[in-house]
Amino acid sequence: MSRVGDEIWKTRIDKISAELVTLTYGSMVAQLCKDFDGDYAEVNKQLDKMGYNIGLRLIEDFMAKANTGRCANFRETGEAIAKIGFKVFLNVTPTVTNFSADGNQFSLIFDENPLAEFVELPDDDRAVDELWYSNIFCGILRGALEMIQIQIEAHFVSDVLRGHETTEMRVSLVRYIDDELPPDDDE
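Numbered according to this note's numbering, the sequence shown spans residues 7 to 193.
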(Lines of atoms letter the chains of each structure in order from A and count residues from 1; the text may use other names and numbers.)
(Lines give C-alpha, C1' and ligand atoms only; values in the text may rest on other atoms or scores of the structure.)
Protein backbone atom coordinates (compact mmCIF):
# COMPACT_ATOMS: atom_id res chain seq x y z
CA MET A 1 0.00 0.00 0.00
CA SER A 2 2.78 2.45 0.79
CA ARG A 3 4.14 1.94 -2.73
CA VAL A 4 0.79 3.11 -4.11
CA GLY A 5 0.93 6.25 -1.95
CA ASP A 6 4.52 6.98 -3.05
CA GLU A 7 3.67 6.51 -6.72
CA ILE A 8 0.64 8.81 -6.56
CA TRP A 9 2.63 11.47 -4.66
CA LYS A 10 5.41 11.41 -7.28
CA THR A 11 3.30 11.36 -10.43
CA ARG A 12 -0.30 12.47 -9.93
CA ILE A 13 -0.38 15.26 -7.37
CA ASP A 14 -0.06 18.98 -7.93
CA LYS A 15 2.15 20.15 -5.10
CA ILE A 16 2.15 23.39 -3.15
CA SER A 17 4.62 24.72 -0.64
CA ALA A 18 4.43 22.93 2.72
CA GLU A 19 5.34 26.21 4.41
CA LEU A 20 2.37 27.91 2.75
CA VAL A 21 -0.01 25.23 4.06
CA THR A 22 1.54 25.36 7.52
CA LEU A 23 1.42 29.13 7.82
CA THR A 24 -2.09 29.41 6.36
CA TYR A 25 -3.41 26.76 8.75
CA GLY A 26 -1.62 28.41 11.67
CA SER A 27 -3.21 31.76 10.81
CA MET A 28 -6.63 30.12 10.64
CA VAL A 29 -6.21 28.46 14.06
CA ALA A 30 -4.93 31.72 15.56
CA GLN A 31 -7.98 33.56 14.18
CA LEU A 32 -10.34 30.93 15.61
CA CYS A 33 -8.67 31.29 19.01
CA LYS A 34 -9.21 35.04 18.80
CA ASP A 35 -12.80 34.77 17.47
CA PHE A 36 -13.80 32.42 20.29
CA ASP A 37 -11.91 34.34 23.00
CA GLY A 38 -9.70 31.41 23.92
CA ASP A 39 -12.58 28.93 24.22
CA TYR A 40 -10.44 26.04 23.02
CA ALA A 41 -13.24 23.47 23.24
CA GLU A 42 -15.13 25.56 20.68
CA VAL A 43 -12.01 25.97 18.54
CA ASN A 44 -11.59 22.17 18.56
CA LYS A 45 -15.24 21.79 17.44
CA GLN A 46 -14.78 24.32 14.64
CA LEU A 47 -11.60 22.62 13.40
CA ASP A 48 -13.39 19.27 13.41
CA LYS A 49 -16.35 20.78 11.54
CA MET A 50 -14.07 22.36 8.92
CA GLY A 51 -12.24 19.08 8.51
CA TYR A 52 -15.49 17.17 8.15
CA ASN A 53 -16.55 19.42 5.26
CA ILE A 54 -13.13 19.03 3.64
CA GLY A 55 -13.31 15.24 4.03
CA LEU A 56 -16.71 15.10 2.32
CA ARG A 57 -15.05 16.48 -0.81
CA LEU A 58 -11.54 15.09 -0.47
CA ILE A 59 -12.66 11.47 -0.67
CA GLU A 60 -13.66 11.91 -4.31
CA ASP A 61 -10.16 13.07 -5.20
CA PHE A 62 -8.67 10.25 -3.15
CA MET A 63 -10.81 7.60 -4.87
CA ALA A 64 -10.01 8.97 -8.34
CA LYS A 65 -6.25 9.02 -7.71
CA ALA A 66 -5.82 5.92 -5.55
CA ASN A 67 -8.04 3.54 -7.52
CA THR A 68 -7.65 0.96 -4.73
CA GLY A 69 -11.11 -0.53 -4.44
CA ARG A 70 -12.97 -1.33 -1.25
CA CYS A 71 -11.12 -2.35 1.91
CA ALA A 72 -12.01 -5.78 3.30
CA ASN A 73 -12.05 -4.66 6.94
CA PHE A 74 -11.38 -1.73 9.26
CA ARG A 75 -7.72 -2.74 9.65
CA GLU A 76 -7.23 -2.36 5.89
CA THR A 77 -9.05 0.98 6.07
CA GLY A 78 -6.53 2.18 8.66
CA GLU A 79 -3.62 1.06 6.50
CA ALA A 80 -5.10 2.83 3.44
CA ILE A 81 -5.63 6.04 5.41
CA ALA A 82 -2.04 6.10 6.62
CA LYS A 83 -0.10 4.70 3.67
CA ILE A 84 -2.10 6.22 0.84
CA GLY A 85 -4.35 9.04 2.12
CA PHE A 86 -1.88 10.93 4.29
CA LYS A 87 0.95 10.20 1.84
CA VAL A 88 -1.00 11.48 -1.17
CA PHE A 89 -2.24 14.70 0.40
CA LEU A 90 0.47 15.60 2.94
CA ASN A 91 3.48 13.45 2.00
CA VAL A 92 3.61 11.92 5.49
CA THR A 93 2.91 8.35 6.52
CA PRO A 94 1.73 7.93 10.10
CA THR A 95 2.26 4.55 11.75
CA VAL A 96 -0.90 2.47 12.16
CA THR A 97 -0.76 0.67 15.50
CA ASN A 98 -2.61 -0.29 18.68
CA PHE A 99 -5.41 -2.20 16.98
CA SER A 100 -8.09 -3.30 19.39
CA ALA A 101 -8.74 -7.04 19.73
CA ASP A 102 -11.91 -6.77 17.66
CA GLY A 103 -10.13 -4.70 14.98
CA ASN A 104 -12.55 -1.78 15.39
CA GLN A 105 -10.03 0.74 16.77
CA PHE A 106 -6.53 1.80 15.86
CA SER A 107 -4.08 4.62 16.45
CA LEU A 108 -2.25 6.78 13.95
CA ILE A 109 1.14 7.87 15.30
CA PHE A 110 2.56 10.91 13.52
CA ASP A 111 6.37 11.06 13.50
CA GLU A 112 5.97 14.30 11.60
CA ASN A 113 2.99 16.59 11.34
CA PRO A 114 3.24 19.21 8.61
CA LEU A 115 0.53 21.33 10.24
CA ALA A 116 2.53 21.64 13.44
CA GLU A 117 5.79 22.96 11.95
CA PHE A 118 6.86 26.34 13.39
CA VAL A 119 3.99 26.26 15.92
CA GLU A 120 3.87 27.47 19.48
CA LEU A 121 0.56 27.15 21.30
CA PRO A 122 -0.87 30.28 22.95
CA ASP A 123 0.90 30.98 26.23
CA ASP A 124 -2.13 31.25 28.49
CA ASP A 125 -1.70 28.12 30.64
CA ARG A 126 -4.86 26.61 29.07
CA ALA A 127 -4.04 25.95 25.40
CA VAL A 128 -1.54 23.22 26.25
CA ASP A 129 -4.32 21.33 28.09
CA GLU A 130 -7.35 22.20 25.93
CA LEU A 131 -6.39 22.91 22.30
CA TRP A 132 -5.93 20.03 19.86
CA TYR A 133 -4.09 22.00 17.20
CA SER A 134 -4.43 19.42 14.39
CA ASN A 135 -8.05 18.54 15.15
CA ILE A 136 -8.95 19.26 11.52
CA PHE A 137 -7.49 15.81 10.71
CA CYS A 138 -10.18 14.14 12.86
CA GLY A 139 -12.92 15.90 10.93
CA ILE A 140 -11.34 15.09 7.57
CA LEU A 141 -11.32 11.38 8.41
CA ARG A 142 -14.92 11.49 9.70
CA GLY A 143 -16.20 13.25 6.58
CA ALA A 144 -14.25 11.17 4.08
CA LEU A 145 -15.15 7.83 5.64
CA GLU A 146 -18.79 8.78 6.05
CA MET A 147 -18.97 9.30 2.29
CA ILE A 148 -17.98 5.66 1.83
CA GLN A 149 -20.47 4.42 4.44
CA ILE A 150 -18.13 4.14 7.42
CA GLN A 151 -19.05 6.09 10.54
CA ILE A 152 -16.13 6.70 12.89
CA GLU A 153 -15.10 8.71 15.90
CA ALA A 154 -11.62 10.21 15.91
CA HIS A 155 -9.76 12.18 18.55
CA PHE A 156 -6.23 13.01 19.55
CA VAL A 157 -4.89 11.40 22.70
CA SER A 158 -1.46 13.05 22.61
CA ASP A 159 0.35 15.82 20.79
CA VAL A 160 4.01 16.87 20.82
CA LEU A 161 2.80 20.49 20.90
CA ARG A 162 1.37 19.70 24.35
CA GLY A 163 4.67 18.27 25.54
CA HIS A 164 3.86 14.60 24.87
CA GLU A 165 6.42 12.28 23.30
CA THR A 166 4.22 11.50 20.28
CA THR A 167 1.25 12.81 18.36
CA GLU A 168 -1.40 10.09 18.39
CA MET A 169 -4.89 10.06 16.93
CA ARG A 170 -7.31 7.31 18.01
CA VAL A 171 -9.83 6.17 15.38
CA SER A 172 -12.85 4.04 16.33
CA LEU A 173 -15.38 2.37 14.08
CA VAL A 174 -18.93 3.30 15.09
CA ARG A 175 -20.76 1.41 12.36
CA TYR A 176 -20.97 0.65 8.69
CA ILE A 177 -23.76 2.76 7.25
CA ASP A 178 -26.38 0.93 5.22
CA ASP A 179 -27.67 2.62 2.12
CA GLU A 180 -30.70 4.44 3.37
CA LEU A 181 -33.54 5.77 1.28
CA PRO A 182 -34.68 9.30 2.03
CA PRO A 183 -37.94 9.57 4.01
CA ASP A 184 -41.18 9.56 2.05
CA ASP A 185 -42.53 13.00 1.26
CA ASP A 186 -46.02 11.69 0.55
CA GLU A 187 -47.33 12.18 4.06
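Glycine included, C-beta positions come from ideal geometry on N, C-alpha and C. On a predicted model such as this, the values are computed, not experimentally measured, just so you know.
*Rounded to whole angstroms, what's the CA-CA distance from I65 to G145? Just pull it up for me.*
Working through the sequence shown from its first residue, we reach residue 65 at position 59. Working through the sequence shown from its first residue, we reach residue 145 at position 139. Each residue's alpha carbon lies about 12 angstroms from the other.
_For T103, count the other beta carbons within 10 Å of its own beta carbon; 16 or more makes it buried, fewer makes it exposed. Which is it?_
If you number the sequence shown from 1, residue 103 lands on position 97. It is exposed - the Cβ of T103 has fewer than 16 other Cβ atoms within 10 Å.
*Can you list, in chain order, the residues of its chain whose CB lies under 6 angstroms from that of T83, leaving out five sequence neighbours each side?*
Position 77 of the sequence shown, counted from the start, is the residue given in the question as residue 83. For T83, where only same-chain residues beyond five positions count, the Cβ hits under 6 angstroms are C77.
*Does the Cβ of Y182 have 16 or more other Cβ atoms within 10 Å, making it buried, or fewer, making it exposed?*
To locate residue 182, count along the sequence shown from 1; it is residue 176. Counting every other CB atom within 10 Å of its CB across the protein chains shown gives Y182 a total below 16, marking it as exposed.
*Within its chain, find whatever has a CB closer than 7 angstroms to the CB of M56; leave out the 5 residues flanking it on each side and keep chain order.*
Along the sequence shown, read from residue 1 onward, the residue named residue 56 stands at position 50. I142, G145.
*Below 8 angstroms CB to CB, which residues in the same chain sit around L29 once its five sequence neighbours on both sides are set aside?*
As a first step, residue 29 is located in the sequence shown; it is residue number 23 there, counting from the start. Correct list, in chain order: F124.
_If you follow the alpha helix (DSSP H) that Y58 is in, where does it begin and where does it stop?_
The residue labelled residue 58 in the question sits at position 52 within the sequence shown. Counting along the chain, the alpha helix (DSSP H) containing Y58 begins and ends at 46-72.
*Distance between beta carbons of V27 and Y139, contact taken as under 8 angstroms*: Here residue 139 refers to the residue found at position 133 of the sequence shown. Here residue 27 refers to the residue found at position 21 of the sequence shown. Not confirmed; about 14 angstroms, so no contact.
_Contact check, F68 vs G91, beta carbons under 8 angstroms_ = The residue given as residue 68 occupies position 62 in the sequence shown. The residue given as residue 91 occupies position 85 in the sequence shown. Yes.
_8 angstroms Cβ cutoff met for G149 and Y31_ = To locate residue 149, count along the sequence shown from 1; it is residue 143. To locate residue 31, count along the sequence shown from 1; it is residue 25. When the beta-carbon positions are compared, G149 and Y31 stay at least 8 angstroms from each other.
*Determine the direct distance from the alpha carbon of K51 to that of K89, and round the result to whole angstroms.*
Within the sequence shown, numbered from 1, the residue matching residue 89 stands at position 83. Within the sequence shown, numbered from 1, the residue matching residue 51 stands at position 45. Looking at the two C-alpha atoms, the distance is approximately 27 angstroms.
*asked:* Could you compute how far the alpha carbon of H170 sits from the alpha carbon of K40?
replied: For this step, residue 170 is matched to residue 164 along the sequence shown. For this step, residue 40 is matched to residue 34 along the sequence shown. Cα to Cα, the separation comes out at about 25 angstroms.
*Is the CB-CB distance between I158 and L147 below 8 angstroms?*
Here the question's residue 158 lines up with position 152 in the sequence shown. Here the question's residue 147 lines up with position 141 in the sequence shown. Yes. Within cutoff.
*Under 8 angstroms, do G44 and D130 count as touching if we go by C-beta distance?*
Here the question's residue 44 lines up with position 38 in the sequence shown. Here the question's residue 130 lines up with position 124 in the sequence shown. Against a cut-off of 8 angstroms, the Cβ pair of D130 and G44 comes out as a contact.
*If you draw a straight line from the C-alpha of T173 to the C-alpha of L127, how long is it?*
If you number the sequence shown from 1, residue 173 lands on position 167. If you number the sequence shown from 1, residue 127 lands on position 121. Cα to Cα, T173 sits roughly 15 angstroms from L127.
*Figure out for me which residue from E25, F42, V49, Q37 has the closest Cα to the Cα of L137.*
Reading the sequence shown from its first residue, position 131 is the one you call residue 137. Looking at the Cα atoms, V49 is the closest of the given residues.
*asked:* Going residue by residue through the segment 95-168, where are the continuous beta strand (DSSP E) segments of at least 3 residues, counting only ones entirely within it?
replied: 101-103, 111-116, 156-164
*asked:* Would P120 pass as an interface residue toward chain C - the criterion being a Cβ-Cβ separation below 8 angstroms?
replied: Annotation note: the requested chain C is absent from the structure, which comprises a single protein chain.
*Could you tell me the boundaries of the beta strand (DSSP E) in which I172 lies?*
Counting from one through the sequence shown, the residue named residue 172 turns up at place 166. Contrary to the premise, residue 172 reads as Thr rather than Ile in this sequence. Note, T172: premise wrong, no beta strand (DSSP E); not H, not E.
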